[in-house]
Every structure is written in structure tokens, then in C-alpha cells.
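Participant: First the structure, then my questions, so here it is.
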Amino acid sequence: MKAIFLTEPGDPRAAYEIKDYHQVAEKHVHINMLMAPINPADINVLEGTYPMTPGPGGIIGNEGVGILEDKPSGYVILPNYQGCWSEKILVPSDRIIHIPNTIPLEVAASFSVNPLTALTIIDLFAVPLGGIVAVNAANSMVARVMASIAKARDIQLYGFVRRLELVDELIEAGFTGIFEDSDTSLKESRSIIPKCDLVLNQVGGKSSGRIAKLLKPYGKHVTIGAMSREPLQASNALLIFKQISYHGLWISKWLQTQSQQEIQRKVNELIKIYKEFPWLLPDAEVFAFKDFDTALNMAINGKKKVFLDFE
Ligand SMILES: NC(=O)c1ccc[n+]([C@@H]2O[C@H](COP(=O)([O-])OP(=O)(O)OC[C@H]3O[C@@H](n4cnc5c(N)ncnc54)[C@H](OP(=O)(O)O)[C@@H]3O)[C@@H](O)[C@H]2O)c1
Numbered sequence: 174m175k176a177i178f179l180t181e182p183g184d185p186r187a188a189y190e191i192k193d194y195h196q197v198a199e200k201h202v203h204i205n206m207l208m209a210p211i212n213p214a215d216i217n218v219l220e221g222t223y224p225m226t227p228g229p230g231g232i233i234g235n236e237g238v239g240i241l242e243d244k245p246s247g248y249v250i251l252p253n254y255q256g257c258w259s260e261k262i263l264v265p266s267d268r269i270i271h272i273p274n275t276i277p278l279e280v281a282a283s284f285s286v287n288p289l290t291a292l293t294i295i296d297l298f299a300v301p302l303g304g305i306v307a308v309n310a311a312n313s314m315v316a317r318v319m320a321s322i323a324k325a326r327d328i329q330l331y332g333f334v335r336r337l338e339l340v341d342e343l344i345e346a347g348f349t350g351i352f353e354d355s356d357t358s359l360k361e362s363r364s365i366i367p368k369c370d371l372v373l374n375q376v377g378g379k380s381s382g383r384i385a386k387l388l389k390p391y392g393k394h395v396t397i398g399a400m401s402r403e404p405l406q407a408s409n410a411l412l413i414f415k416q417i418s419y420h421g422l423w424i425s426k427w428l429q430t431q432s433q434q435e436i437q438r439k440v441n442e443l444i445k446i447y448k449e450f451p452w453l454l455p456d457a458e459v460f461a462f463k464d465f466d467t468a469l470n471m472a473i474n475g476k477k478k479v480f481l482d483f484e
């Protein structure tokens, strides 16, 4: 069987090798992998900037979907597991989470990281039913899943994007309103968006400072990503006069505090939400495993979501 191994982190295009390997592990279940995404965090692993890494010589890939070799009737996913970019995975049975195989493959392959992140943000930071939330990088998968959760929980979700051509698509995905993420549109968005319980920052830099201005007194500013690679901008005035609070979430760390039963319960809740309000994936392209070099280039360019097909 073949897998993608981390060599020396640095330039992501030169930090891996694809090779054959053989693994034997008694009392482990055998999973034949079907599909895995290339997530922003995987690129950070290749660069050596992500805190959870398989290390040089380890298999990369922080999520994916497969079927059990002995019981191929449903899909299995592996939340919080490094090593999904492999044709076959051997793990203890208590590591796997079950999802129905009626879910489209790309959605199933990206079920463990972004959906669990979106749901955890809403629950952990106690966004009330009918609450108000705003998010930048609103075309991200995390934000799109949040749009489905928002529909299920009657939450108003406002999004900021760098490309206005996405407005119609994102309104269809469930956003209440979409604005350009720029200084010029800030005034208009502040006049339309009610004061927010929570803002979600995935971009950093000026965008993180702008979105904070939408918060109500004691509102929560939550950072999960830094797509612009620029530092967070925090506001003295908002901290003092509105007593807003700044938070961060790393889903990998949080999942370590959760039992497998609790993770399965959350996944079941997401499946229920998906059935009623299916999230629409961002523009995506699927590449055969053998075309990994091309797939990685596409993922680094960041214009499309990229999936690897192992079949
Ligand atoms: N902390 C955690 O536990 C956790 C968990 C999951 C995800 N994340 C983070 O959340 C973010 C979204 O993840 P995802 O998988 O949902 O992403 P994704 O689907 O790959 O989408 C990435 C988004 O970032 C936007 N973007 C890319 N470069 C940008 C830039 N320079 N300035 C502004 N926006 C930019 C893209 O905008 P366009 O649509 O215009 O291309 C796109 O909307 C990432 O930072 C990821 O690392 C964190």
C-alpha cells in the first residue's frame, strides 16, 4: 500500500514523498481509505508550522473517509488522526467514528475537522438560539457549515468575503447577509448587521480588527485561523469600553478532551443538521492519489478545495 510521508518540513512542494509501506497491527481494524481533503492545516504541516505533526517519516493527512475492510456497509472517519493520506489505515477500533454512506463522498471526507469546528464554536461559546454571528473568509468550509448550523438554530449569520461574486452562492448556502471584507464597506455593514454575540476570525490582520467592531458589549471575538498570515489586530477601546473578550480555538486540542462517545454524539448531531440543511462545499476539485503533486499545487494556490481520491 502507498502513503504520503513527511520528509523535511519547509517548502511544502518538496517536503513529502510517496512510497510503499507495509503495516501489521493485531487487534486493529483495517480501513480502506476512499477520499481525503488537503486542508490549510496539512499545508502548515508540510511547512513545519503546525503544532500537531506526524514528524519527519510520518504519514500526513488530518482527515478523510474510508470503509472498514471487514464491514464495508457504512463510512468511517477518524477525527483528530494524523496519517489519513494513505491507501489503508490500521487503527484500534475505538478510534473510529461512523457516518452513513448516503452522505456525498467529498462531504464525508471533510466531516471531522471543519464541521466539528463550526459546531464546537457555536456550542462552546454559547451562541444562543436566535443569536447573531459574523464571520470573515465566509466562503471557507467552516463558514459554510456554520451557515447550515445557523439555519438549524435560527441564528443570523453574516459573512465577509474578499470576492463579491460569491454573494448569491453564500446567501443560498444560508448566510443572512454577505459584505465585502474592506474598510469601505465597514460603515454599510455596521448599519445593517445587528450587534453580534460572536464574531469568528479566520483571516487575521485588518479583517480581524474590522470584524471586532460588530460586537455587542461583552461579545466574543474567536480566532481559528490566519489566512492572510498577518497578526491579529485587537482594540484597546473595545476591550475597555465594550469589555469584549478575545478567544481562540484549536479543534485538535479540544477533541483530546472529549470521549469517543461524545465525539460520535456531536457527529450524529451534524449528520442530522446535514440531512435537513446540507452544506454546500466551496468550489472543489478531486484528484487521483497518483496526481498528488498537481493536487498539492492547486491546494497551495488556495482557489479551490482539493480532494484526493484513493480508489
Ligand atoms: N483552529 C482550528 O481548530 C481550525 C479548524 C478548522 C479550520 N481552521 C482554519 O479555518 C480557516 C478555514 O479553513 P477551511 O478548511 O474552512 O478553509 P477553506 O475551505 O480552504 O477556505 C479558505 C478560505 O480562506 C480565504 N482566504 C484564503 N487566503 C486568504 C487571504 N489571504 N485573505 C483573506 N481570505 C483568504 C479563502 O477565500 P476565497 O474564497 O476568496 O478564496 C477561503 O474562503 C483556515 O485558516 C483553517 O486553518 C482552524
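Add 173 to the 1-based position in the sequence shown for the numbering used here, that's all there is to it. For each residue, glycine too, the CB sits at the ideal point set by N, CA and C. Please read these numbers as outputs of a predicted model, since none were measured by experiment.
#1: Which residue comes first and which comes last in the alpha helix (DSSP H) that contains M471?
#2: Using 10 angstroms around the beta-carbon of I269, count the other beta-carbons present and answer buried if the total reaches 16, otherwise exposed.
#3: In three-state DSSP terms, what is K448?
#4: Quick check: what's the CA-CA separation for Q416 versus K386?
#5: Is Q255 close to ligand 1? I mean its beta-carbon at under 8 Å from any heavy atom of the ligand.
#6: Run through DSSP, which three-state label would V300 get?
#7: Return the CA-CA distance between E181 and N470, expressed in angstroms with no decimal places.
#8: Using DSSP with H/G/I as helix, E/B as strand and the rest coil, what is L388?
#9: Can you tell me which of S358, L292, Q437 puts its alpha carbon nearest to the alpha carbon of A320?
#10: Tell whether a beta-carbon distance below 9 Å holds between K478 and S283.
#11: Report yes if the C-beta of V306 is less than 8 Å from at least one heavy atom of ligand 1; otherwise report no.
#12: Would a C-beta distance cut-off of 9 Å place A188 and L219 closer than the cut-off?
#13: Let me know the secondary structure DSSP gives V376 once reduced to three states.
#14: Would you decide whether I413 is buried or exposed? Buried here means 16 or more other CB atoms lie within 10 Å of its CB.
#15: Taking all protein chains shown into account, decide if Q429 is buried (16 or more other Cβ within 10 angstroms of its Cβ) or exposed.
#16: For V395 versus G421, is the C-beta spacing smaller than 9 Å?
#17: What residue from K476, N474, A461, S425 has the CA that sits closest to D482's CA?
#18: Can you tell me whether I351 is buried or exposed, with buried defined as 16 or more other CB within 10 angstroms of its CB?
#19: Taking the continuous beta strand (DSSP E) assigned at N205, which residues delimit it?
#20: Over what stretch of residues does the alpha helix (DSSP H) that includes I424 continue unbroken?
#21: In chain order, what residues of the same chain lie with their CB nearer than 8 Å to the CB of I473, ignoring the 5 residues before and after it?
#22: Could you check where the beta strand (DSSP E) with V264 kicks off and where it finishes?
#23: Would you say the beta carbon of M208 comes nearer than 8 Å to a heavy atom of ligand 1?
#24: For the beta strand (DSSP E) that L405 lies in, which residues bound it at each end?
Facilitator: Let me lay it out:
#1: The sequence position of residue 471 within the sequence shown is 298, counting from 1. Residues 465-474.
#2: Against the sequence shown, residue 269 aligns to sequence position 96. Residue environment analysis places I269 among the buried positions, since at least 16 neighbouring C-beta atoms fall within 10 angstroms of its C-beta.
#3: Stepping through the sequence shown from its first residue, residue 448 is reached at position 275. Correct three-state label for K448: helix.
#4: As a first step, residue 416 must be located in the sequence shown, where it is residue number 243. As a first step, residue 386 must be located in the sequence shown, where it is residue number 213. Cα to Cα, the separation comes out at about 12 Å.
#5: For this step, residue 255 is matched to residue 82 along the sequence shown. Between ligand 1 and the CB of Q255, the shortest heavy atom gap is not smaller than 8 Å.
#6: By one-based count along the sequence shown, residue 300 stands at place 127. Looking at V300 - three-state DSSP - the assignment turns out to be coil, as it is neither helix nor strand.
#7: As a first step, residue 181 is located in the sequence shown; it is residue number 8 there, counting from the start. As a first step, residue 470 is located in the sequence shown; it is residue number 297 there, counting from the start. Between the alpha carbons of E181 and N470 lies a distance of about 18 Å.
#8: If you number the sequence shown from 1, residue 388 lands on position 215. Looking at L388 - three-state DSSP - the assignment turns out to be strand.
#9: Taking the sequence shown and counting its residues from 1, one reaches residue 320 at position 147. Residue L292 is the option with its Cα nearest to A320.
#10: Position 305 of the sequence shown, counting from 1, holds the residue named residue 478. Position 110 of the sequence shown, counting from 1, holds the residue named residue 283. In contact: K478 and S283 (Cβ atoms closer than 9 Å).
#11: Along the sequence shown, read from residue 1 onward, the residue named residue 306 stands at position 133. No - ligand 1 has no heavy atom lying nearer than 8 Å to the Cβ of V306.
#12: The sequence position of residue 188 within the sequence shown is 15, counting from 1. The sequence position of residue 219 within the sequence shown is 46, counting from 1. One thing to note: A188 has its Cβ within 9 Å of the Cβ of L219.
#13: Residue 376 sits at position 203 when you count from the first residue of the sequence shown. Of the three classes helix, strand and coil, the one that applies to V376 here is coil, per DSSP.
#14: Here residue 413 refers to the residue found at position 240 when the sequence shown is read from its first residue. Label assigned to I413: exposed.
#15: To locate residue 429, count along the sequence shown from 1; it is residue 256. By the C-beta density criterion, Q429 is exposed, having fewer than 16 other C-beta atoms within 10 angstroms.
#16: Within the sequence shown, residue 395 is the residue found at index 222, counting from 1. Within the sequence shown, residue 421 is the residue found at index 248, counting from 1. For V395 and G421, yes; Cβs fall inside 9 Å.
#17: Translated into positions along the sequence shown, residue 482 becomes position 309. Taking D482 as reference, the option from K476, N474, A461, S425 with the minimal CA-CA separation is A461.
#18: Along the sequence shown, read from residue 1 onward, the residue named residue 351 stands at position 178. The residue is buried, with at least 16 neighbouring Cβ atoms inside 10 Å.
#19: Taking the first residue of the sequence shown as 1, we reach residue 205 at position 32. Counting along the chain, the unbroken beta strand (DSSP E) around N205 starts and ends at 201-211.
#20: The count along the sequence shown starts at 1 and reaches residue 424 at position 251. Run containing I424: 424-429, per the alpha helix (DSSP H) assignment.
#21: Counting from 1 along the sequence shown, the entry for residue 473 is found at position 300. Taking C-beta separations shorter than 8 Å and ignoring five residues to either side along the sequence, the partners of I473 in its chain run P185, R186, I216, following chain order.
#22: Looking up residue 264 in the sequence shown gives position 91. V264 -> beta strand (DSSP E) spans 261-265.
#23: Numbered from its first residue, the sequence shown carries residue 208 at position 35. In this structure, ligand 1 has no non-hydrogen atom nearer than 8 Å to the beta-carbon of M208.
#24: Against the sequence shown, residue 405 aligns to sequence position 232. Here the beta strand (DSSP E) through L405 covers 403-405.
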